[in-house]
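The structure appears below as structure tokens.
Numbering (our numbering), first residue to last: 1 to 444.
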């Protein structure tokens, strides 16, 4: 099989595993009385992202070939997630938070480092076979987002009815869609087991036999924290954390919010309220397309304006959720999905490129680790815990559907207000002179 095709399949499965539950898990949790705990489940991803990728990186560098460690990690992640699904099936509506959270937590502990491991495997295989990673990797990674979308759509439209697998592409009012049940965990787990087997068929990624010791401190990028001594970089990293607060909020709460409209007679039979995951998948489609715009925007406008675009897009993302509905206002939801591509890509990818450009070669990898730690680690964790407090206060403290809907709108306005404050503060505080020549050669 063509080498690039093999890596493309790897990328497709890698993100398909995540897409099967990331945007729909909140819906299931709400259906079993754990809606007030959604933030904790998503915060767990941020917590393990602070240290597990570094630990797995050391193991892959020194002891276990990366493709084998990738497979082992997916096996363990899939095992615990299927166990979580089995527990959900046996418990019905009497799911205990502690048991489900423990199994889910163990699963993401082993899944989150596989994102970096799969990238490492792809880079190593491409380099060892004389491919240009700058040209070859982006198309491979893009198919990963396609895998994420396909898993989302499968979980949205598939369900088991009368003992058989069926698909419903229209109104799902009485259809047992996987997006509302524990079966989404089984879907993810099955894909994880497939990837476990597939990983062992990939080309070998040699371990580093060097006597040079790489400490946990090195892997965590602690040396790169010296960058905080530079005012510009310190401000950039701090604002990256502030913006990272927004990263997981819609993953956790968009599906429960859109689905909540089913309790309102006016919206009960709308396609959007019954197919929330499919509607949300437009966000990933936008993400796939917007990444292609980054080189042009970075060259023309510079990192500060591109980051401001991302921040303002987060303001629009949340604000459009607050004002839209799945009926006549569904266009606002669609527009919110479209701006997500700008909000996510212009922040994550452009921020990563900026860090790469502004740091010395000797600590470049560590600096990327700090950027990821500040955004997907500390920022996302703080964001989900804070969002949980807001949503619990305004939404889940209410029992009347209309009051809950009003609470959702208030919550989205709060999130939008936060994003706008961060945008204004960044515009005032962050100073950077744009040099078009410095990014002239950026390409994906």
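Even glycine gets a Cβ: it sits at the ideal position worked out from N, Cα and C.
Quick caveat: nothing in here was measured; it's all calculated off a predicted structure.
Relative to residue 160, the option among 19, 174, 59 and 170 whose CA is nearest is 174.
Its Cα nearest to that of residue 67, the residue 7 stands out among 109, 7, 32 and 81. Excluding the 5 residues flanking it on each side, residue 338 has same chain C-beta neighbours closer than 6 Å at 286, in chain order. Counting only unbroken stretches of 4 or more residues, the alpha helix (DSSP H) elements lying wholly within the stretch 252 to 334 are 271 to 274, 276 to 290 and 294 to 323, in sequence order. Going by beta carbons, residue 346 and residue 144 fall outside the 8 Å limit. Cβ-Cβ separation between residue 311 and residue 390: approximately 19 Å, too far for a contact (criterion under 8 Å). DSSP places residue 142 in no beta strand (DSSP E) but in the uninterrupted alpha helix (DSSP H) bounded by 133 to 157. Counting along the chain, no alpha helix (DSSP H) covers residue 166; the unbroken beta strand (DSSP E) around it starts and ends at 164 to 167. Judged by DSSP secondary structure, residue 418 falls within the alpha helix (DSSP H) whose first and last residues are 401 to 429. Assignment of beta-bridge partners to residue 160 by DSSP yields 165. Cβ-Cβ distances below 6 Å link residue 410 to 394 in the same chain, with the five nearest sequence neighbours on each side left out; the list follows chain order.
Sequence-distant Cβ neighbours of residue 359 in its own chain, meaning closer than 6 Å and more than five residues away, are 367. Fewer than three beta-carbon pairs drawn from the stretch 230 to 249 and the stretch 147 to 158 are found closer than 8 Å, and the two stretches are therefore not classed as touching. Straight through space, the alpha carbons of residue 63 and residue 40 are spaced by roughly 33 Å.
Going by DSSP, residue 125 is part of the alpha helix (DSSP H) stretching over 97 to 128. If you check the CB distance, residue 266 and residue 327 come in under 8 Å.
When DSSP states are grouped into helix, strand and coil, residue 336 belongs to the helix group. Per the C-alpha coordinates, the member of 294, 299 and 257 positioned closest to residue 279 is 257. By the Cβ-count criterion, residue 344 is buried, with 16 or more other Cβ atoms from all chains shown falling within 10 Å of its own Cβ.
The DSSP-derived three-state label of residue 177 is strand. A residue is called buried when at least 16 other Cβ atoms come within 10 angstroms of its Cβ; residue 315 meets this threshold and is buried.
In the displayed model, residue 236 falls within a helix according to three-state DSSP. Annotation: residue 64 is outside any alpha helix (DSSP H) and is labelled neither H nor E by DSSP. Linking residue 14 to residue 22 through their CA atoms gives a straight-line distance of about 13 Å. Around the Cβ of residue 49, a 10 Å sphere holds 16 or more other Cβ atoms; the residue is buried. About 21 Å separates the beta carbons of residue 151 and residue 137, which is beyond the 8 Å limit, so they are not a contact pair. Going by C-alpha positions, residue 165 is about 38 Å away from residue 386.
Closest by C-alpha distance to residue 96, out of 107, 84 and 106, is 84. The three-state secondary structure of residue 184, taken from DSSP, is helix. The distance from the Cβ of residue 4 to that of residue 140 is about 7 Å, consistent with a contact at the 8 Å cut-off. Contact between residue 10 and residue 56 does not hold, since their C-beta atoms are separated by about 16 Å, which reaches or exceeds 8 Å.
Excluding five sequence positions before and after residue 77, the CB atoms of its chain that fall closer than 6 Å to its own CB belong to 107, 110, 111 and 192, given in chain order. Residue burial is scored here from C-beta neighbours: residue 399 has fewer than 16 other C-beta atoms within 10 angstroms and is therefore classed as exposed. By alpha-carbon distance to residue 26, the top candidate from 38, 153, 33 and 204 is 38.
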